[in-house]
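Residue numbers (our numbering), protein chains in the order written: chain A, 2 to 285; chain B, 12 to 282. Yeah, the Cβ is synthetic: ideal placement off N, Cα and C, and Gly gets one too. Treat the numbers as computed from the prediction; the structure is a model and nothing was measured.
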Amino acid sequence: MSAEATTLAPAAAPRRTQRRGFDGRAVVPALRRKLLPFAGIALLLGTWHALAASGLYTAEQLPGPLDALRASREAWSEGSLLPHVGASLARFAFAYLAAVLVAVPLGLVFGLRPALWKATDPVIQVLRPISPVAWFPLAVLWLGIGNLPAIAIIFVAAFYPALLATVSAVRRVDPIYVRVARNFGTRDYQLVFKVIVPAAFPQIAMGLRIAVGAAWVYLVAGEMLGARSGLGFLIIDARNFLRTDLILMAMAMVGAIGLVIDRGVAWLERRLDARWGLSPEDHP
Amino acid sequence: MSATAIRIDRVTRRYRDRSGNPQDALLDVSLDVRSGEFVCLLGPSGCGKTTLLNLVAGFDRPSSGHVLVDEHEVSGPDRSRMCIFQSYALYPWRSVLGNVEYGLEVRGVPRAERRAVAEDYLRLVGLAGFAAHHPHQLSGGMQQRVALARALAVDPESLLMDEPFGALDALTRMRLQDEIARIALERSKTILFVTHDVEESVFLADRIVVMAPSPGRIQRIIPVPLKRPRCRTNDGFIALRAEVLHELGVVHPGEPFRSALPTHSRQESTP
Numbered sequence: 002m003s004a005e006a007t008t009l010a011p012a013a014a015p016r017r018t019q020r021r022g023f024d025g026r027a028v029v030p031a032l033r034r035k036l037l038p039f040a041g042i043a044l045l046l047g048t049w050h051a052l053a054a055s056g057l058y059t060a061e062q063l064p065g066p067l068d069a070l071r072a073s074r075e076a077w078s079e080g081s082l083l084p085h086v087g088a089s090l091a092r093f094a095f096a097y098l099a100a101v102l103v104a105v106p107l108g109l110v111f112g113l114r115p116a117l118w119k120a121t122d123p124v125i126q127v128l129r130p131i132s133p134v135a136w137f138p139l140a141v142l143w144l145g146i147g148n149l150p151a152i153a154i155i156f157v158a159a160f161y162p163a164l165l166a167t168v169s170a171v172r173r174v175d176p177i178y179v180r181v182a183r184n185f186g187t188r189d190y191q192l193v194f195k196v197i198v199p200a201a202f203p204q205i206a207m208g209l210r211i212a213v214g215a216a217w218v219y220l221v222a223g224e225m226l227g228a229r230s231g232l233g234f235l236i237i238d239a240r241n242f243l244r245t246d247l248i249l250m251a252m253a254m255v256g257a258i259g260l261v262i263d264r265g266v267a268w269l270e271r272r273l274d275a276r277w278g279l280s281p282e283d284h285p
Numbered sequence: 012m013s014a015t016a017i018r019i020d021r022v023t024r025r026y027r028d029r030s031g032n033p034q035d036a037l038l039d040v041s042l043d044v045r046s047g048e049f050v051c052l053l054g055p056s057g058c059g060k061t062t063l064l065n066l067v068a069g070f071d072r073p074s075s076g077h078v079l080v081d082e083h084e085v086s087g088p089d090r091s092r093m094c095i096f097q098s099y100a101l102y103p104w105r106s107v108l109g110n111v112e113y114g115l116e117v118r119g120v121p122r123a124e125r126r127a128v129a130e131d132y133l134r135l136v137g138l139a140g141f142a143a144h145h146p147h148q149l150s151g152g153m154q155q156r157v158a159l160a161r162a163l164a165v166d167p168e169s170l171l172m173d174e175p176f177g178a179l180d181a182l183t184r185m186r187l188q189d190e191i192a193r194i195a196l197e198r199s200k201t202i203l204f205v206t207h208d209v210e211e212s213v214f215l216a217d218r219i220v221v222m223a224p225s226p227g228r229i230q231r232i233i234p235v236p237l238k239r240p241r242c243r244t245n246d247g248f249i250a251l252r253a254e255v256l257h258e259l260g261v262v263h264p265g266e267p268f269r270s271a272l273p274t275h276s277r278q279e280s281t282p
């Protein structure tokens with residue numbers, strides 16, 4: 002076996018490293034690559050600060066990043082910041098998981114039953130372009146105000162990407178996997194859980210990542226429907242007191258948490274892909 | 012023992028092409044494969060060799076005629092006839108061991124037992140040390156060995172191999188040819204092997220079924236009376252290779268062709 006491995010080993014690869022040697026020049030580009038994302042964030046904060054300091058707007062209209070930081074410290078010392086973040090995360094997690102738990106099994110069924118999907122696809126395509134925001138009046142009418150409409154809005158936002166990704170993932174499972182399974186005498190339910198689901202999983206996971214982003218975007222909107230806690234409520238509440246520094250602080254929090262969630266999911270996805278031997282180029 | 016394992020009896024497989032005209036991928040093909048025999052289906056693309064293999068596998072049905080395995084009409088795929096594909100078709104989410112265990116797992120064989128069996132077959136194909144790897148970590152040749160172990164693990168009567176080494180480099184291909192020849196002999200499997208590689212067919216087959224396209228049909232069946240293990244460089248091998256090339260219409264200018272086979276075995280016969 003080792004003989005085969007040696008004959009197949011590429012001989013061209015080590016060349017470049019040899020030429021580069023030990024001069025340490027390789028370290029600088031690597032470091033630069035690591036720092037570039039932070040440079041982008043720094044530029045954003047700098048622009049914000051410059052705009053705020055330019056006098057174009059009053060301090061009430063556009064507080065700078067330092068004002069927002071001060072506001073966050075104030076909210077923190079009042080003890081209200083963490084509960085609001087926690088309330089938002091809890092709603093988000095609940096609505097997102099509910100959407101995934103409904104969308105993925107539904108997507109499996111639709112993906113496995115082309116005739117059913119032919120009938121359902123136009124319905125989904127009609128409903129999907131309707132922004133979750135358009136459901137606001139009806140959501141309040143049907144679900145009252147508070148927790149439920151917020152959860153419903155996030156659910157709607159996460160549902161479509163999760164569903165569509167699952168349907169397309171199942172339909173794109175390589176038919177040869179099914180052939181092999183049939184050859185071994187695999188029964189239908191085994192086929193679904195031992196072959197179709199794992200074969201479709203990387204693509205489903207990608208849809209779930211898109212759904213995470215969509216759900217988080219609509220969190221704030223959902224929490225403006227009469228919720229008494231959460232980052233969305235914080236923004237509405239601060240608006241009522243014209244506390245623009247608090248508004249910007251809450252907005253920055255939403256952005257930062259969104260970034261962390263996205264990076265976390267991307268990390269999970271990379272680990273999954275590595276296990277499967279997929280490279281990032283395998284994703285459309 | 013020379014019982015007929017696979018009987019292909021006047022089989023026609025008709026498709027409709029894009030404009031709706033009927034095309035015969037196979038026309039009135041008959042072939043008997045004896046138990047334990049190694050038969051290569053050789054021919055250019057479009058001669059229906061893969062179609063024939065799929066009919067025997069049970070992935071497809073004949074338009075007319077019969078495919079019988081152990082005297083029973085083939086009605087669908089079955090684990091007594093395992094297919095090996097050119098693209099290996101391993102499950103990337105399973106480890107090497109998990110892939111080999113798959114067939115036993117869906118049959119409900121207890122974990123400890125199927126693990127032991129799978130490890131045995133990994134050893135047989137020389138991959139004992141790679142059980143915990145995932146398919147993408149292996150070379151193409153190693154992946155096809157895993158596919159072979161996976162198929163053998165359910166102890167099939169026959170292996171149906173569709174250009175299994177077509178995607179491998181020449182040296183790896185030869186090494187795997189050695190191995191499949193050894194395994195076929197040791198385990199006395201019936202093997203139907205699709206290829207368009209003349210040398211491969213001479214090296215492996217007891218009989219070479221030369222096929223021709225439009226409509227897909229058997230042109231000639233050439234017995235290979237060479238002793239095993241075979242040597243790729245001896246005169247008998249080279250003469251037979253020339254014979255098969257000639258049959259396929261590949262003629263070397265300047266070399267008058269003389270059949271290497273004794274005249275009485277020029278027709279379809281038993282080696």
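Start-to-end residues for the alpha helix (DSSP H) that takes in residue i
i	result
Y26 (chain B)	Not the alpha helix (DSSP H): Y26 (chain B) falls in the beta strand (DSSP E), residues 15 to 27.
P123 (chain A)	115 to 128
G223 (chain A)	198 to 224
S73 (chain A)	66 to 79
D180 (chain B)	Here D180 (chain B) belongs to no alpha helix (DSSP H), and DSSP marks it neither H nor E.
V107 (chain B)	107 to 116
H50 (chain A)	28 to 54
Whole-angstrom distance between residue j and residue i, CA atom to CA atom
i	j	result
L115 (chain B)	V165 (chain B)	6 Å
D20 (chain B)	A223 (chain B)	18 Å
L256 (chain B)	L269 (chain A)	54 Å
A6 (chain A)	F141 (chain B)	Confidence is the limiting factor: at A6 (chain A) the pLDDT is only 43, short of 50, which leaves the residue's position unreliable and the question unanswerable from this model.
W289 (chain A)	A96 (chain A)	Chain A is shown only over 2 to 285; residue 289 (chain A) falls outside these bounds and no answer can be derived.
R243 (chain B)	R156 (chain B)	22 Å
G208 (chain A)	D263 (chain A)	13 Å
P84 (chain A)	W104 (chain B)	40 Å
V255 (chain A)	L90 (chain A)	10 Å
R27 (chain B)	R134 (chain B)	46 Å
R272 (chain A)	F202 (chain A)	13 Å
R252 (chain B)	L237 (chain B)	12 Å
S280 (chain B)	S46 (chain B)	Unreliable placement is indicated for S280 (chain B), whose pLDDT of 43 sits below 50; no coordinate value is reported for it.
A181 (chain B)	V209 (chain B)	13 Å
A14 (chain B)	D189 (chain A)	34 Å
L163 (chain B)	Y132 (chain B)	7 Å
Q126 (chain A)	R231 (chain B)	57 Å
E124 (chain B)	D89 (chain B)	22 Å
E130 (chain B)	R24 (chain B)	40 Å
I155 (chain A)	S81 (chain A)	23 Å
A267 (chain A)	V29 (chain A)	26 Å
S132 (chain A)	T48 (chain A)	31 Å
A228 (chain A)	L144 (chain A)	12 Å
M12 (chain B)	R184 (chain B)	With a pLDDT of 48 at M12 (chain B), under the threshold of 50, the modelled position of this residue cannot be trusted; read the value that follows with caution. Cα-Cα distance, rounded: 31 Å.
Residue interval of the beta strand (DSSP E) (run including residue i)
i	result
S46 (chain B)	Per DSSP, S46 (chain B) belongs to no beta strand (DSSP E) and is neither H nor E.
H77 (chain B)	75 to 80
Q230 (chain B)	228 to 234
A267 (chain A)	Run containing A267 (chain A): none in the beta strand (DSSP E); it sits in the alpha helix (DSSP H), 245 to 277.
R218 (chain B)	218 to 223
Anticipated Cβ contact below 8 Å, residue i with residue j, distance rounded
i	j	result
M93 (chain B)	L170 (chain B)	6 Å
P226 (chain B)	L53 (chain B)	Contact doesn't hold; Cβ gap of about 17 Å is too wide.
I229 (chain B)	V44 (chain B)	About 12 Å separates the two Cβ atoms, so there is no contact after all.
A158 (chain A)	V218 (chain A)	7 Å
A212 (chain A)	P176 (chain A)	Rounded, the Cβ-Cβ distance is 27 Å, inconsistent with contact.
Chain A contact residues for residue i, given Cβ-Cβ distances below 8 Å
i	result
V1 (chain B)	Summary: the structure shown does not reach residue 1 (chain B), with chain B confined to residues 12 through 282, and so no result is reported for it.
V117 (chain B)	A182, F185, G186, T187, R188, Q191, K195
Interface residues of chain A facing residue i [CB-CB closer than 7 Å]
i	result
G114 (chain B)	F185
V165 (chain B)	F185
Cross-chain neighbours of residue i in chain B, by beta carbon under 9 Å
i	result
R287 (chain A)	The requested residue 287 (chain A) does not occur in the structure, where chain A is confined to residues 2 to 285.
According to DSSP, residues forming a beta bridge with residue i
i	result
S169 (chain B)	B:R92, B:T201
V67 (chain B)	Per DSSP, none; premise fails for V67 (chain B).
L232 (chain A)	Beta-bridge pairing links L232 (chain A) to no other residue.
V40 (chain B)	B:V22
E84 (chain B)	B:L79
Q34 (chain B)	B:Y26
T206 (chain B)	B:L53
Per-residue contacts from residue i into chain B (C-beta, under 8 Å)
i	result
R276 (chain A)	W104, H145
P30 (chain A)	Neighbours of P30 (chain A) on chain B: none; closest Cβ ~28 Å, over 8 Å.
Amino acids of chain B, ordered along the chain, whose beta-carbon sits closer than 7 Å to that of residue i
i	result
I177 (chain A)	F96, S98, A100
P138 (chain A)	The contacting residues do not exist; P138 (chain A) stays about 45 Å from chain B at best.
Cβ-heavy atom distance, residue i to the ligand NAP, below 6 Å
i	result
A251 (chain A)	This structure simply doesn't include the ligand NAP, nor any ligand for that matter.
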